[in-house]
Structures are given as C-alpha cells and as structure tokens.
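> I'd like to ask you about the structure that follows.
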Amino acid sequence: MQDTSTQDSVKEIDATTGEPGYFNKLIRRKKLESVFLFITSKCQSHCRTCFNHANLNRNDDLTFEQIKTISETAGPFDKLWLSGGEPYLRKDMVEIIALFHENNGVKTINLPTNGLAKENIVRMTGELVERCPKLTIHLNFSLDGLGKTHDNIRGVPGNFLKTVDTIETVRKLYGDHKNLMVNIATVITSEAYDEMLDLAGYIAQKGLCDLHIHEVLRGDMPDPTLKAITLDQVKELNMKLSPVMDLGAKRLFKDLKQGKKIARLTYIGIMSFMEMIKEQNHDGPHHWGMKCTAGDTTFVIDANGDFRSCEMRPPIGNLKDFDYNLRSAYDSSLMKKEVYEIGGGARADCWCTHGCWISSSLKFSPWSMLVRLPREYRKKEKMIKSVPPLPVVDIEAIEAAAAEVGA
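Residue 64 in my numbering is what sits at position 64 of the sequence shown, and the numbering runs on without skipping anything.
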C-alpha cells in the first residue's frame, strides 16, 4: 500500500506526463496511448524551422464531422497532441478537444501555439479550462530567441512581444486553474544559440511559464543553416541550461507537502534521459537502448487525413479509405506492416531526437526506467549544483529593443 507522500507524488507525475501509472506501472501492454492530430494546416507564421512547412495553408483540412467520426471510433487513449498549422486558427478547436476528452477519456492535451492570435487564444483557452476542468492542458508557447532573433526565425515582425503579451494575459486570467500549465518551448538554432541563456533568464525573471522546454531541430526545414550546431555546442548548452530544469521541478511540485524527492527524481530523470538520447542522435541515428513504440502506442493524423506512425515517418494511408474509423486504420495491415518495418527502430534505423516518441517508448523499458533514468537524474543533479545560475538580464532593455524592431 502506497503511503500518502508517494500517492501525492504519483498524482503530480501523472498530471505532468499525462498518463496515470507512468511512474508505478513498470510492466504494461502496448496499446494506443497518444494521438497526434494536425488540427489545421492554416498558419500565419513563416517559421524557418518548420518540418511541416510543405503541408501548410491547404484547402483539404478534415471537417468537424470527419474528426467527430475519428473520435467516435478511436476507443480510449490518454493523450492528445495537437499540431498544425496554428491550432487556435481553427474556430471549432475547443469543441474538437472536448470530443476527445468526453468520448475517449483523454486526460492530457498538448496544445502548441505561436502566440499571435491573442484574441482567439485568450477566449478559447478560457472556454477550454471551464468546459474540461478534469483535463490537464499543456499550453505550449514558442519563444526561439530574444526580440529580433525570434521575429526573424518565425518570419513575423513583432512576434516576440506579441507572444509575451499573450502569455502574460493568459496567466493573469487563468493562472489559478489547476488544470492549465503554461509552458514555453524553445527550438535551439545556430542563429539564436548565443542568446539561449539570456532568453532563459528573461523567461525565468518574468515568471512566464510553468515549464521551459528546449528542443533540437528535426525533419525537413526551410532553412537548414539553422541546424549548424555541433554536438559539443549542444552538450555545453544543455549543461549551462541545467538550472532551467531545476526551476521547472520546483514550480511543478511546489505545493507538494510530501514526496517532493520522488517527484523531482521522476521529472528530472525523464527530462535528462530525453536530453541524453537527443545528444546521442545529434549527428545521425543512434540506438536508443530500448525499442521505439511508434505505431504501437502512437497514431499521427495529418490535417488532410493522411496517417502515419510517427511525425518523422512518411504517411502510409488516408483515413478516408477507412471511413474515418481510426481504430480500423490503427489495426490495419498497413500499420502492422509499418510497425514491422520500423522494427522498434532497429530495422528501419530511424532513431531520432523526437521527445514525444522517446518519452512514450521509455515507460515500456523497465531497464531504462529502473536503471538508466535514475542514472541520468544523478548526472543532471550534479550539473545543477556545478553550473552558475541563469543570468540576470535587463528586461526593459530587451523589450525596448524588441519594440523598436517590431515597430
């Protein structure tokens, strides 16, 4: 029987990972747990980092009725990951999320946004937290650099300050909702590399988010020069950014009266484990030391209904050929063939840096959960203690410079 401190820790970890039992179920059956839905192809940004740029602003997005059928046929699963396009440009986004929460028992939604459509974001986020109070909502804003750098990478003048303004408004209005986590995702690029510490300091000083996550570039992007970063540079930056992970853990578990140590171990262990895998795969495919569960536990739906096992894999069919029955497509010979060809990652040698698939696969590897994860946790704790804190930055100067550029 679990003591109270362990139970409290498990609840917090479950909310963070989006799946009950992530921490305490070491032996589990592979089943569909995550659906990745490109809810729209419409986008008002011109990001030089976008792996999906070739599929944007098309006229063949799934209709609400088609998505409703997808939900009604999917069966139960835990996590819904939205993508696009810009999700908040879809007027029926809240209704779609509610479908999956109510029909499929989805417990966690990951919702990325560029932060530009402030009116939509503020209004629809409010509707979502009220309509689905038991749904954990990870609202993930993108900030890839300071001021001009962020604007240049995203292709929209004034983007940086507009996004910061939207974040602050959302936190002011809905920050007391326990089911909403406001996060910031930063993609590490060669153009913004030298600003990463100052950006992290700026975000921390302003208290903009619950979690600040750093991602590496992946896939086919419009500007490959942004990927010109060496492995040594990535490792050095990950070490210097260790305080970001420390701050995230402190924010996540600040209200835990007991069990903070086990909660911290799990969170930092998972994040540092993913960091390690990404480093190993920086220069090319490198075995994860565990099987990838793409296609077994994950199902990706493009905005036009194409489906795939992983965002990094090509489409293998279209849901219209299955009358938009997700379960039929998931159980189809097409997906079985795809899973066989992937071979847990080894047969296809398609090992990658995608954190969603690393974390999804991790919990199906008891060895990784029991041995490798605690090992990476210990390494990261040593880094946290050995590196300087995040720099103190001049917030007014940063925002004044951004305003001058965006004017």
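No residue lacks a Cβ here, since even glycine has one placed at the ideal position from N, Cα and C.
Based on Cα-Cα distance, which residue from Asn114, Ile268 and Asp255 lies nearest to Ser242?
Ile268
> In this structure, what does DSSP give as the bridge partners for Ala185?
Beta-bridge pairing links Ala185 to Ser142 and Ile213.
> Should His46 go down as buried or exposed, given a rule of 16 or more other Cβ atoms within 10 Å for buried?
exposed
> Kindly indicate which residue of Glu396, Gln44, Cys50 and Lys42 has the alpha-carbon position closest to the one of Glu311.
Cys50
> Between the C-alpha atoms of Tyr340 and Lys257, what's the straight-line distance to the nearest angstrom?
46 Å
> Kindly identify the DSSP beta-bridge partner or partners of Trp81.
Phe36 and Asn110
> Can you give me the Cβ contacts of Thr169 inside the same chain, cut-off strictly under 6 Å, excluding the 5 residues immediately before and after it?
Val122
> Within 10 Å of its beta-carbon, does Leu173 have 16 or more other beta-carbons around it, so buried, or fewer, so exposed?
exposed
> How many whole angstroms separate the CB atoms of Asp61 and Asn304, which I take to be in contact at a CB cut-off of 8 Å?
7 Å
> Reducing DSSP to helix, strand and coil, say where Ala403 ends up.
Looking at Ala403 - three-state DSSP - the assignment turns out to be helix.
> Let me make sure I understand the geometry here. Which of Ser359, Leu362 and Arg327 has the alpha-carbon closest to that of Ser71?
Arg327
> For Val393, which of helix, strand or coil comes out of DSSP?
coil
> Do you know offhand how far Phe36's Cα is from Trp81's?
Roughly 5 Å between the two C-alpha positions.
> Distance check for Leu146 and Ala397, CA to CA, integer angstroms please.
In a straight line, the C-alpha of Ala397 is about 11 Å away from that of Leu146.
> Check whether the stretch 290 to 307 and the stretch 347 to 365 are in contact - that is, three or more C-beta pairs closer than 8 Å.
yes
> For Asp349, which residues does DSSP report across the bridge?
Beta-bridge pairing links Asp349 to no other residue.
> Identify whether Leu56 lies in helix, strand or coil by the three-state DSSP scheme.
coil
> Do the stretch 77 to 92 and the stretch 148 to 159 make contact, defined as three or more Cβ pairs closer than 8 Å?
no
> In chain order, what residues of the same chain lie with their CB nearer than 7 Å to the CB of Pro314, ignoring the 5 residues before and after it?
Arg308
> Quick check on Leu370: buried or exposed, where buried means 16 or more other Cβ atoms within 10 Å of its Cβ?
Of the other Cβ atoms in all chains shown, fewer than 16 fall within 10 Å of the Cβ of Leu370; this residue is therefore exposed.
> Taking the beta carbon of Lys107 as the centre, do at least 16 other beta carbons fall within 10 Å, making it buried, or is it exposed?
So Lys107 ends up on the buried side.
> Can you give me the start and stop residues for the alpha helix (DSSP H) that Arg171 sits inside?
Asn159 to Tyr174
> When you compare only the Cα positions, how much space is there between Ser190 and Leu226?
In this model, Ser190 and Leu226 are separated by some 5 Å (Cα to Cα).
> How far does the alpha helix (DSSP H) with Phe64 in it extend, from its first residue to its last?
Phe64 -> alpha helix (DSSP H) spans Phe64 to Ala74.
> Using a 10 Å radius around the Cβ and a threshold of 16 neighbouring Cβ atoms, would you call Gly201 buried or exposed?
buried
> Please determine if the stretch 231 to 245 and the stretch 376 to 395 are in contact, where contact requires at least 3 C-beta pairs separated by less than 8 Å.
yes
> Measure the alpha-carbon distance for Ser386 versus Asn238 and round it to whole angstroms.
13 Å
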